[in-house]
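Chains as they are written, first to last, in my numbering: chain V, 26 to 362; chain Y, 26 to 362; chain P, 26 to 362; chain G, 26 to 362.
Each residue gets a CB set at the ideal place from its N, CA and C atoms; glycine is no exception.
Because the structure is a prediction, the values reported are computed rather than measured.
In what follows, a single structure is set out as structure tokens and then discussed.
4 protein chains.
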Amino acid sequence: MIIVMSPEATEDQLAHLVEVIEGAGLKAHVSRGTERTIVGAIGNEAKIQQVPFMAIPGVESCMPIVKPYKLAGREFNKEKTKIKIRDIEIGGKEVVVVGGPCSVEPNDTLIQTARAIKKAGAKMLRGGAFKPRTSPYDFMGMAEDGLKLLADAREETGLAVVTEVMDTRDVELVYKYADAFQIGTRNAQNFNLLKEVGKYDKPVFLKRGMSMLIKEFLMAAEYVISQGNNDVIMVERGIRTFETATRNTLDVAAVAVLGVETHLPVFVDPSHAAGDHRFVNALSRASVACGCDGLLVEVHPNPEKAMSDGAQTLKFSKFEQLMDEIRPVAEAVGRSV
Amino acid sequence: MIIVMSPEATEDQLAHLVEVIEGAGLKAHVSRGTERTIVGAIGNEAKIQQVPFMAIPGVESCMPIVKPYKLAGREFNKEKTKIKIRDIEIGGKEVVVVGGPCSVEPNDTLIQTARAIKKAGAKMLRGGAFKPRTSPYDFMGMAEDGLKLLADAREETGLAVVTEVMDTRDVELVYKYADAFQIGTRNAQNFNLLKEVGKYDKPVFLKRGMSMLIKEFLMAAEYVISQGNNDVIMVERGIRTFETATRNTLDVAAVAVLGVETHLPVFVDPSHAAGDHRFVNALSRASVACGCDGLLVEVHPNPEKAMSDGAQTLKFSKFEQLMDEIRPVAEAVGRSV
Amino acid sequence: MIIVMSPEATEDQLAHLVEVIEGAGLKAHVSRGTERTIVGAIGNEAKIQQVPFMAIPGVESCMPIVKPYKLAGREFNKEKTKIKIRDIEIGGKEVVVVGGPCSVEPNDTLIQTARAIKKAGAKMLRGGAFKPRTSPYDFMGMAEDGLKLLADAREETGLAVVTEVMDTRDVELVYKYADAFQIGTRNAQNFNLLKEVGKYDKPVFLKRGMSMLIKEFLMAAEYVISQGNNDVIMVERGIRTFETATRNTLDVAAVAVLGVETHLPVFVDPSHAAGDHRFVNALSRASVACGCDGLLVEVHPNPEKAMSDGAQTLKFSKFEQLMDEIRPVAEAVGRSV
Amino acid sequence: MIIVMSPEATEDQLAHLVEVIEGAGLKAHVSRGTERTIVGAIGNEAKIQQVPFMAIPGVESCMPIVKPYKLAGREFNKEKTKIKIRDIEIGGKEVVVVGGPCSVEPNDTLIQTARAIKKAGAKMLRGGAFKPRTSPYDFMGMAEDGLKLLADAREETGLAVVTEVMDTRDVELVYKYADAFQIGTRNAQNFNLLKEVGKYDKPVFLKRGMSMLIKEFLMAAEYVISQGNNDVIMVERGIRTFETATRNTLDVAAVAVLGVETHLPVFVDPSHAAGDHRFVNALSRASVACGCDGLLVEVHPNPEKAMSDGAQTLKFSKFEQLMDEIRPVAEAVGRSV
């Protein structure tokens with residue numbers, strides 16, 4: 026930790042700061058510059074991480090030196106983490122495509138979609154049984170009945186299944202049916218939920234919060250890992266900005282930044298980023314070219330009848346085209362689909 | 026709902042759109058302009074709220090006419106809602122100040138603070154027993170022991186108590202001790218939690234999410250009210266923007282906008298907005314002048330020892346000064362403190 | 026400057042960094058911590074401000090210690106700057122209100138408005154003769170004819186006049202007629218224009234750019250001052266965020282932050298922040314309570330006929346009401362209107 | 026234009042609105058729904074584009090139907106515009122790479138770089154002779170001497186030259202030396218400058234403003250085209266968001282959105298988006314995969330000695346690698362480099 030004193034700071038204030046640092050078991054190194062006095066706290070930074078230095082009189086600014094994430098960080102693990110979901114390897118050479126409807130619906134949408142995406146080359150099936158909806162008057166999902174349909178579709182097609190869990194009380198239930206948990210954008214800092222899925226032994230697709238800094242995103246992963254579950258897949262899905270031409274702004278650079286900062290695999294959800302089916306394929310190509318390990322794509326036999334997110338959902342022919350488009354891009358960057 | 030067709034839309038596409046609208050039981054009114062054809066869906070808009078018009082071929086854009094929030098909206102209730110918490114009236118003439126430490130700590134911080142803020146004129150006590158922390162390695166709160174300290178402080182000082190609930194599994198417990206629930210920023214779209222507190226008969230202080238549009242904020246309130254609990258207090262606490270000189274950007278205009286859009290009382294949390302004790306008083310004055318119904322302020326006997334958020338916390342003398350500063354401002358706008 | 030080396034940095038890389046620092050005439054102080062090596066560059070930081078430390082191999086991050094603005098900063102001048110415009114003092118006890126139409130129009134709007142705002146208590150008149158418009162097909166202003174109308178209105182009412190200059194080629198002309206320059210939001214980083222008005226001896230109302238950090242805003246002021254013109258008035262006018270309920274998001278905290286960071290006076294433009302006449306009065310009260318030195322408000326005899334920005338413009342009666350509302354707020358914070 | 030009346034609007038207010046619309050020469054079509062009355066203004070929308078409907082009493086909201094950009098819009102020109110710069114075709118099958126140092130420097134940097142990028146496959150040379158710098162104390166560029174060096178480098182290598190113009194007074198001079206103008210981010214809404222370059226017959230690389238909506242970006246292009254210069258190249262270079270891990274957030278979706286909205290070619294500047302040389306290649310691949318027509322990349326023989334933007338600048342070997350990486354990606358999407 027580096028602490029910069031304000032030009033008006035007194036010797037007493039400096040002495041007090043040094044006391045605080047040494048009281049926490051670190052060494053304080055004082056350096057008097059021409060314009061400011063700077064204090065370095067040398068030793069295990071974790072011990073002073075919670076000290077509110079900005080509340081100490083005479084302090085102008087302070088800068089941590091060590092990154093707040095440990096288990097999720099590259100320094101902890103130089104090797105990229107590979108995660109197995111049934112027979113699929115996440116984080117390997119293959120770019121893994123997960124497809125499916127936004128919601129599991131009380132009809133044969135899911136199984137139809139499962140067959141279609143499997144044929145087109147997808148490896149996993151997604152679909153919400155518990156749906157976070159902006160309006161309390163919208164369709165909330167089929168709950169356990171939806172989970173059963175997902176399990177049935179897996180049974181028939183062999184596709185592995187990922188589905189969202191929204192409530193600590195439902196983790197056990199979702200675990201029973203799904204191959205992987207999904208934590209949605211709006212729960213990306215629902216810390217109790219993160220800790221709960223961290224206690225299970227199935228992988229977690231963790232979506233980035235709408236206004237989450239990449240370092241906060243990594244701290245959310247740290248929550249899961251700190252409970253013992255190492256299998257976290259980071260999902261960039263667009264952030265909220267001033268631009269409204271797309272539903273969110275895909276932060277494609279996050280794929281590159283995460284590649285440096287963490288050993289965890291990184292997926293992209295082009296559907297929620299775009300919010301418009303016309304742009305999903307282009308964003309998918311961009312994400313694969315940037316180096317992502319997989320895609321989460323919304324697919325439905327008839328998007329205008331979808332019970333949620335129809336505008337951004339691909340019909341089957343468009344999804345096949347997406348697969349055809351990303352295949353050569355994946356090859357161009359040394360990957361396969 | 027107004028739907029604008031693209032210039033290339035065919036007659037078949039138009040006919041299909043009309044069919045969708047009429048199939049939902051509304052009347053379709055087609056208006057052919059010089060540059061675009063426009064279709065109005067006339068009747069109960071709620072029936073088509075979930076139709077993904079943008080997924081229908083030939084549609085260029087669509088605009089809902091009716092606001093998505095009903096029970097939270099001004100049209101539902103022209104009168105401003107007044108909420109009673111023990112003997113305090115929220116939403117009346119008085120600007121109600123809630124003070125207290127960020128976390129309830131295992132020492133006498135809370136009771137000391139309760140005495141000090143009561144003397145200075147605060148009406149309610151705040152303090153977190155369950156703490157959402159960005160890092161899994163930080164202090165998470167004292168849980169039920171913290172709730173007991175809050176109840177003890179109420180017992181002695183007579184201050185009403187509000188505290189955060191983060192998990193659907195803890196709502197019952199928090200209900201037992203607190204006079205009002207707080208839903209934090211990171212849970213502002215934790216819909217299951219919103220529904221859960223909506224089933225109880227104690228008021229809810231609902232903080233705005235970091236990147237929540239005002240209309241989404243009102244939909245979050247709608248979730249609570251739709252379960253039967255009408256007593257929601259909207260809390261503006263700053264939004265996330267590109268500016269980093271403050272922890273968040275206080276959207277003071279939200280107070281004015283909410284005054285037009287909803288009948289619910291509006292509070293401001295200047296501490297989290299500023300993130301810096303030096304700016305808390307100025308933001309408090311601004312909020313009161315803008316017309317807020319109350320303030321949530323972090324206070325601690327010794328901020329540099331606070332177990333969370335010390336940098337933005339006021340010590341007692343600064344809090345007394347805050348009360349002295351907002352009193353004349355409240356009077357200037359026809360209110361009292 | 027503090028430079029943090031990455032954990033993988035080699036001794037050679039460290040030696041090279043030290044060489045760069047010493048080559049610029051500073052002293053390098055190396056501190057080897059448990060997790061990172063840190064290098065402090067001690068001496069005149071201005072000499073290394075342009076060195077791209079992040080381009081030097083082995084460097085993980087770097088943090089300047091000294092603020093980049095000098096002449097605009099509080100350290101340069103502890104006393105608040107007071108600026109005279111005719112007989113008005115900006116930055117003193119009085120909160121100075123500037124009113125007027127968005128554009129000077131080819132009719133008697135300006136003179137009517139000047140009379141009305143003067144009667145209501147405004148001290149200065151604003152009105153655009155050169156108008157930055159998003160569309161090339163909109164009204165661009167009356168140019169010199171507009172400047173003449175402004176001078177005429179000053180002649181009759183005694184109100185001082187401020188008007189926008191958009192082009193380096195027009196500075197001389199605007200200087201001839203106006204009492205103060207205005208630099209608009211879209212030109213807040215038009216550095217040549219900033220330098221040009223810096224060469225004249227009339228005050229500059231500098232509007233904050235739509236996505237300008239406060240520190241960049243101060244650097245823009247630094248541009249003007251560096252040319253010899255010390256009389257810069259900072260104008261907060263709302264920043265661009267994701268929220269669309271208002272045209273921009275008024276960053277009212279910027280008034281408080283600038284009060285700490287600079288000695289220059291700070292105004293607020295509530296009209297452009299709100300973009301909606303219904304919210305202008307509330308934002309004006311908030312700004313005055315927060316401590317601003319003045320307001321820039323759009324006023325027009327008949328806003329629905331205004332040639333620009335009608336939606337956010339006050340009619341005369343609403344402006345009188347604004348003056349009545351801010352007067353007691355100003356008194357509540359020890360100021361007057 | 027669709028105008029929605031508030032539920033409280035009176036018949037007189039409705040009549041007045043109709044009068045305003047008809048007074049402008051359009052037909053007003055009134056539709057009384059169950060919850061709101063809606064008025065359509067039918068006819069040439071351009072005639073009422075400047076009417077501030079929100080200032081008319083009783084109006085709740087209003088929505089334009091026709092896009093504000095005409096000449097820049099897809100409806101104006103279904104064919105993609107191809108622009109010739111010397112023997113290079115912009116907007117054709119080839120993805121055109123422009124490389125060069127941020128600033129032209131008073132040494133042999135430029136010519137060395139020109140030779141290196143030509144060898145690697147770049148088609149154009151960039152370099153700033155006029156530099157917009159955040160600080161008035163930073164290097165401002167070599168002005169005409171820099172333009173001469175650019176012309177010399179073209180002479181030797183045959184690379185076409187693009188360079189920034191910042192001031193209306195310099196347009197003539199830049200025209201004399203360069204093959205294309207660049208308008209920088211901070212001048213993207215410097216409307217006088219846009220009009221000035223619109224009067225010349227050389228192409229304009231128009232960078233997106235830091236907080237510019239895509240529709241405003243297109244309006245900026247409209248400014249240039251409205252003066253007679255059709256050859257505008259849109260350059261996405263990242264927008265300002267809350268994320269600070271990269272200098273800006275590359276809005277890669279803008280490439281796809283612009284592909285639908287305009288016939289103009291679209292470039293990407295990955296260097297300013299990333300602000301960090303480590304991420305430039307990944308963003309370049311993503312942009313090409315998304316469908317951009319070219320890239321603007323900063324290259325320097327020794328980035329740590331660059332007089333500006335060193336941290337985001339590629340050295341020669343890294344640039345060669347970039348060319349090698351984007352070549353197969355371009356092929357994967359049916360383009361060439």
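{"Asked": "On the three-state DSSP scale, how would you describe Y/C127?", "Found": "coil"}
{"Asked": "Buried or exposed, going by whether 16 or more other CB atoms sit within 10 Å of the CB of V/S361?", "Found": "exposed"}
{"Asked": "Relative to the alpha-carbon of V/P82, which residue among V/E44, V/A299, V/K224, V/G152 has its alpha-carbon at the smallest distance?", "Found": "V/E44"}
{"Asked": "Using a Cβ-Cβ cut-off of 8 Å, state whether G/F267 counts as contacting chain Y.", "Found": "yes"}
{"Asked": "Report yes or no: is there a C-beta of chain Y within less than 8 Å of the C-beta of P/T193?", "Found": "no"}
{"Asked": "Within the stretch 267–296 of chain P, note down every full alpha helix (DSSP H) run reaching 4 residues or more, in order along the chain.", "Found": "278–286"}
{"Asked": "Which class does Y/L238 belong to by DSSP, given the choice of helix, strand or coil?", "Found": "coil"}
{"Asked": "Are the CB atoms of P/A176 and P/F155 within a distance shorter than 8 Å?", "Found": "no"}
{"Asked": "List the whole-angstrom C-beta distance separating Y/L23 from Y/S312, where the pair is believed to meet the contact cut-off of C-beta under 8 Å.", "Found": "For residue 23 of chain Y there is no data in the structure shown, the boundaries of chain Y being 26 and 362."}
{"Asked": "DSSP puts Y/C87 in a beta bridge; with which residues?", "Found": "Y/I28"}
{"Asked": "So, is the C-beta of P/R272 closer than 8 Å to a C-beta in chain G?", "Found": "no"}
{"Asked": "Which residues of the stretch 226–238 of chain G have a Cβ closer than 7 Å to any Cβ of chain P? Give them in chain order.", "Found": "M235, S236"}
{"Asked": "What does G/V322 pair with, by DSSP beta-bridge criteria?", "Found": "G/G124"}
{"Asked": "For P/G124, tell me which candidate among P/D112, P/I108, P/G146 has the shortest Cα-Cα distance.", "Found": "P/G146"}
{"Asked": "Would you mind stating whether G/R194 and G/A213 have Cβ atoms separated by less than 8 Å?", "Found": "no"}
{"Asked": "Using only alpha-carbon positions, find the residue among G/G166, G/V222, G/A80 that is nearest to G/P131.", "Found": "G/G166"}
{"Asked": "Check the DSSP bridge columns for V/A185 and list the partner residues they point to.", "Found": "V/M149"}
{"Asked": "Please report the residue range of the alpha helix (DSSP H) in which V/I46 lies.", "Found": "36–48"}
{"Asked": "Determine the burial state of V/A185: buried for a count of at least 16 other Cβ atoms within 10 Å of its Cβ, exposed for fewer.", "Found": "buried"}
{"Asked": "Compute the distance between the beta-carbons of Y/F267 and P/S333, then report whether it is under 8 Å.", "Found": "no"}
{"Asked": "Identify each residue in the stretch 45–59 of chain P for which the Cβ-Cβ distance to at least one residue of chain V is less than 8 Å, and report them in chain order.", "Found": "H54, S56, G58, T59"}
{"Asked": "Below 9 Å between beta carbons is the criterion; list the residues of the stretch 165–179 of chain V that meet it against any residue of chain P, in chain order.", "Found": "none"}
{"Asked": "Determine the closest residue to V/Y225 out of V/D133, V/E197, V/R265, with distance taken between C-alpha atoms.", "Found": "V/E197"}
{"Asked": "Does P/V285 pass the burial test, meaning 16 or more other C-beta atoms within 10 Å, or should it be called exposed?", "Found": "exposed"}
{"Asked": "Which residues bound the beta strand (DSSP E) around Y/Q207?", "Found": "205–208"}
{"Asked": "With a Cβ-Cβ cutoff of 8 Å, do Y/V222 and Y/M259 count as a contact?", "Found": "no"}
{"Asked": "Taking 7 Å as the limit between beta carbons, can you name the residues of its chain near G/R352, skipping five residues before and five after?", "Found": "V362"}
{"Asked": "Scan the stretch 290–316 of chain Y for residues whose Cβ lies nearer than 8 Å to a Cβ of chain P and list them as they occur along the chain.", "Found": "A298, A299, R303, F304, A307, L308, R310, A311, S312, V313, A314, C315, G316"}
{"Asked": "Looking at P/L42: is its Cβ nearer than 8 Å to the Cβ of P/V84?", "Found": "yes"}
{"Asked": "Beta carbon of G/T338, beta carbon of G/S296: below 8 Å?", "Found": "yes"}
{"Asked": "Do you know how far the Cα of Y/P328 is from the Cα of P/V282?", "Found": "21 Å"}
{"Asked": "Short of 7 Å in beta carbon distance, which residues of its chain neighbour Y/E47, apart from the five on each side in sequence? Order them along the chain.", "Found": "A53"}
{"Asked": "Buried or exposed: G/A355, going by 16 or more other Cβ atoms within 10 Å of its Cβ?", "Found": "buried"}
{"Asked": "Under 8 Å between C-beta atoms, does G/V322 make it to chain V?", "Found": "no"}
{"Asked": "Name the residue from Y/K220, Y/S342, Y/V280 whose alpha carbon lies nearest to the alpha carbon of Y/V190.", "Found": "Y/K220"}
{"Asked": "Helix, strand or coil for P/V196 per DSSP?", "Found": "helix"}
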